[in-house]
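First up is the structure itself, then whatever we jot down about it.
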Amino acid sequence: MSSMELESSLGPFFRAAEGLVADLGPGPQAFAGIGDLLHRLAADATLIDDSRLAALHGSRAGATILGHGPNGSTLMLGRFPAEAPTPVHNHNSWGVIYVIRGRDRHVLWTREDDGSQPGRARLHAIESRDLEAGQVAWFPAVPGDIHSQQGLGEAAWELVYFGRDPNAAPRLYFDPDRGLVEERAAI
Ligand SMILES: [Fe+2]
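Counting in the working numbering, the sequence shown tops out at residue 210, every number present.
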């Protein structure tokens, strides 16, 4: 399937997902409904085919954008290796995660400082969940959108649905052990 065909075949998903957020607001009720939509998408072998997954195999942590909705929401396919966790980072958006394959340790962090010291940040982890294939999790909008992820035993493959394009603006990358933060383009 070409990327244009993929984008148009995702149209019903994006309309339904954006409709849930418009009707219910970006909260647990809408996110649970989006989780159901992601579950149905993941069952469609033409959308999540092996060639698309294979394209991510070469990277340590890889992600590819599958499409955008009419209001700018974004669907990403991600692969999270078991060797090391992702850096702690934000997305400038809320997000709903659906695990397709493997298991994922998903950690939510909160920032304690007020951001007034350039390059410095104080964080602590507030939640750690081990997600199985078929499970859904979400992270809130800014400033609650700070997280890290790691495959458990093997790489975890996930659909992640964002309210806004997570690559449109630079993200924050944190080093909680050293108390550092850096803004850079999404990786
Ligand atoms: Fe992320």
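Glycine included, C-beta positions come from ideal geometry on N, C-alpha and C.
Exposed unless 16 or more other CB atoms sit within 10 angstroms - verdict on PRO35 | Along the sequence shown, read from residue 1 onward, the residue named residue 35 stands at position 12. Exposed, because fewer than 16 other Cβ atoms sit within 10 Å of the Cβ of PRO35.
Contact belief for SER116 with ALA40 at Cβ below 8 Å, rounded distance in angstroms = For the purposes of this step, residue 116 is taken as the residue at position 93 of the sequence shown. For the purposes of this step, residue 40 is taken as the residue at position 17 of the sequence shown. Between ALA40 and SER116 the Cβ distance is about 13 Å, and since that is not below 8 Å, they are no contact.
Per the contact definition of three or more C-beta pairs closer than 8 Å, is the stretch 51-70 in contact with the stretch 171-190?
-> yes
Residue(s) in a DSSP beta bridge with GLU181 | Within the sequence shown, residue 181 is the residue found at index 158, counting from 1. GLY101, VAL122.
Would you please state the rounded distance, in angstroms, between the beta carbons of ALA208 and PRO193? I believe it to be under 8 Å.
-> Looking up residue 208 in the sequence shown gives position 185. Looking up residue 193 in the sequence shown gives position 170. Yes, they are in contact, since the Cβ atoms of ALA208 and PRO193 sit about 6 Å apart, within 8 Å.
What residue range is occupied by the uninterrupted alpha helix (DSSP H) comprising ASP168?
-> For the purposes of this step, residue 168 is taken as the residue at position 145 of the sequence shown. Where ASP168 is concerned, there is no enclosing alpha helix (DSSP H), given that its DSSP letter is neither H nor E.
Which same chain residues, not among the five before or five after PRO110, have their C-beta less than 6 Å away from its C-beta?
-> By 1-based counting over the sequence shown, the position of residue 110 is 87. Once the five neighbours on either side are set aside, the close Cβ partners of PRO110 are TYR196.
Are there 16 or more other CB atoms within 10 angstroms of the CB of ARG126, so buried, or fewer, so exposed?
-> Numbered from its first residue, the sequence shown carries residue 126 at position 103. By the neighbour-count rule (16 or more Cβ atoms within 10 Å), ARG126 is buried.
May I have the straight-line CA-CA distance separating GLY202 from SER139, to the nearest angstrom?
-> Here residue 202 corresponds to residue number 179 of the sequence shown, with the count starting at 1. Here residue 139 corresponds to residue number 116 of the sequence shown, with the count starting at 1. Between GLY202 and SER139, the C-alpha separation is close to 13 Å.
State the start and end residues of the unbroken beta strand (DSSP E) segment that holds ALA234.
-> With the chain represented from 24 up to 210, any question about residue 234 goes unanswered, as that position is not in the structure.
Mind checking ASP136: buried by the 16 CB within 10 Å criterion, or exposed?
-> Reading the sequence shown from its first residue, position 113 is the one you call residue 136. So ASP136 counts as exposed.
According to the Cβ coordinates, are ASP153 and LEU175 closer than 8 Å?
-> For this step, residue 153 is matched to residue 130 along the sequence shown. For this step, residue 175 is matched to residue 152 along the sequence shown. Yes.
Who are the Cβ neighbours of ALA164 in its own chain at under 8 Å, not counting the five residues just before and after it?
-> The residue labelled residue 164 in the question sits at position 141 within the sequence shown. Same-chain partners within the cutoff: PRO49, SER116, TRP117, GLY186.
When the Cα of THR133 is compared with those of VAL119, PHE162, ALA107, GLN158, which residue comes out closest?
-> For the purposes of this step, residue 133 is taken as the residue at position 110 of the sequence shown. Answer by Cα proximity: PHE162.
So the beta strand (DSSP E) ASP188 belongs to, where does it begin and stop?
-> Within the sequence shown, the letter at position 165 stands for residue 188. Counting along the chain, ASP188 falls outside any beta strand (DSSP E), and DSSP gives it neither H nor E.
Residue from PRO199, PHE37, GLN52, ARG124 with nearest C-alpha to GLY142 | Position 119 of the sequence shown, counting from 1, holds the residue named residue 142. It is PRO199.
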